[in-house]
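Sequences listed follow chains U and R, in order.
If you read the first sequence in our numbering, its first letter stands for residue 1, the second for the next number, and so on.
If you read the second sequence in our numbering, its first letter stands for residue 144, the second for the next number, and so on.
Every residue, glycine too, gets a C-beta built ideally from N, C-alpha and C.
There are 2 protein chains.
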Amino acid sequence: MRLMNDSAPTPGMLAAHLAAHGVRPTAQRLQVAALLLDRPQHVTAEQVLARLRQVGSRISKATVYNTLNLFAARGVLRQLVIDGDRAWFDSNVGPHYHFQDTETGELTDLPTSQVHFENLPPVPADMEYTGIDLVIRLRRRRG
Amino acid sequence: MRLMNDSAPTPGMLAAHLAAHGVRPTAQRLQVAALLLDRPQHVTAEQVLARLRQVGSRISKATVYNTLNLFAARGVLRQLVIDGDRAWFDSNVGPHYHFQDTETGELTDLPTSQVHFENLPPVPADMEYTGIDLVIRLRRRRG
DNA sequence: ATATGTGCAAATCCTTTGCATAGAA
DNA sequence: TTCTATGCAAAGGATTTGCACATAT
């Protein structure tokens with residue numbers, strides 16, 4: 001399955017993608033998937049609601065939250081903790097890190113290939129990694 | 144100024160420390176400073192309120208928030224974004240990263256000396272770093 | 001005096017929840 | 001039918017705010 005590579009995914013491709021993650025492809029879920037899975041992007045629940053309403057959807061705020069949380073739980077999206085204000089969802093679920101412009105809040109992907117960790121301490125024998133979150137915060141230079 | 148090294152800081156040391164950061168040492172601020180600056184620790188506003196009340200303080204919730212935010216803005220504390228649920232404040236303001244036990248929420252410091260970044264992409268000419276936040280999430284191995 | 005800090009309650013913002021209706025298996 | 005999803009409004013929880021009173025300069 002290759003999404004986000006060529007042209008916009010077809011409804012059939014999206015439905016198959018959701019099904020592959022154990023998510024029933026309802027009309028609203030397909031709307032959210034179509035919005036987010038055609039390219040890597042970072043969105044908030046409010047943005048998803050606004051953009052779908054803008055293109056004629058009658059999806060509710062509760063369903064947006066339900067859907068984003070379900071997608072994140074099933075690996076269709078990745079939930080990010082960037083600031084304490086609101087949750088961000090990333091349609092790029094592959095391993096990568098983030099730059100954040102601290103003035104605008106804007107997020108940019110940072111490929112893992114551009115970071116190497118060395119000397120990482122060993123994890124205790126009874127523990128295991130569940131994720132590594134790296135956020136490099138930047139701002140426009142004062143001048 | 145060396146806090147958090149030997150025995151508990153004296154009120155005079157704490158007042159000087161706050162003053163050095165441009166913070167007027169009021170009674171409530173000294174209570175918060177005394178609680179947090181004697182050792183490196185990670186706390187929430189609710190925890191600060193509860194612990195101070197427990198030792199007889201009549202500090203209010205609003206003042207706890209005001210104080211923690213002021214301390215973070217002036218560099219007396221560092222605010223952490225660990226989960227979307229609540230803000231964490233770290234009395235270790237030196238450069239370091241964090242482990243998080245995803246099941247208990249517990250945070251542990253990870254010295255920067257134990258991590259080396261390589262290949263970090265150059266920052267655009269008109270931008271500058273404001274911080275690097277690294278959270279390595281762990282959980283007890285299923286067994 | 002004048003500016004700053006504190007405490008209380010109310011307000012705010014994001015997110016979740018309860019429940020009735022609608023839709024799918 | 002029986003289970004699951006949706007939508008609305010209300011509830012929930014963390015944080016901020018307005019304002020009167022207290023404290024410091």
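Residue i and residue j closer than 7 Å at C-beta
i         : j         : result
Arg39(U)  : Met13(U)  : no
Pro9(U)   : Leu37(U)  : yes
Gly56(U)  : His21(U)  : no
Thr273(R) : Thr102(U) : yes
Leu52(U)  : Gln31(U)  : yes
Selected residue, minimal CA-CA separation from residue i, among the options
i         : options                                       : result
Ser91(U)  : Ala33(U), Pro25(U) and Ala16(U)               : Ala33(U)
Glu271(R) : Thr10(U), Arg140(U), Gln31(U) and Trp88(U)    : Arg140(U)
Val224(R) : Ser57(U), Trp88(U), Pro11(U) and Ala27(U)     : Trp88(U)
Gly248(R) : Leu263(R), Val219(R) and Val278(R)            : Val278(R)
Leu220(R) : Val236(R), Val166(R), Asn209(R) and Gly227(R) : Val236(R)
Ala125(U) : Ile275(R), Val266(R) and Leu281(R)            : Leu281(R)
Arg229(R) : Gln243(R), Phe242(R), Thr187(R) and Asp252(R) : Thr187(R)
Asn66(U)  : Leu107(U), Ser7(U) and Arg29(U)               : Arg29(U)
Leu107(U) : Pro95(U), Gln41(U), Arg142(U) and Gln47(U)    : Gln41(U)
Asp252(R) : His239(R), Pro264(R) and Leu263(R)            : His239(R)
Thr169(R) : Gly227(R), Val207(R) and Gln190(R)            : Val207(R)
His241(R) : Arg24(U), Val23(U), Pro121(U) and Ile59(U)    : Pro121(U)
Residue i: first and last residue of the uninterrupted alpha helix (DSSP H) it sits in
i        : result
Pro58(U) : The question names Pro, yet the displayed sequence has Arg at residue 58(U). Looking at the DSSP string, Arg58(U) is not in any alpha helix (DSSP H), and its letter there is neither H nor E.
His17(U) : Pro11 to Ala20
Ala33(U) : Ala27 to Leu36
Opening and closing residue of the beta strand (DSSP E) in which residue i lies
i         : result
Pro111(U) : Leu107 to Pro111
Leu277(R) : Met270 to Arg283
Gln100(U) : His96 to Asp101
Leu223(R) : Arg221 to Leu223
Asp85(U)  : No beta strand (DSSP E) contains Asp85(U), which DSSP labels as neither H nor E.
Buried or exposed (CB count within 10 angstroms, at least 16 for buried), residue i
i         : result
Val266(R) : exposed
Leu161(R) : buried
Leu192(R) : buried
Gln243(R) : buried
Inter-stretch contact (C-beta, 8 Å, three-pair minimum) for the segment 113-125 of chain U and the segment 64-76 of chain U: Touching, no.
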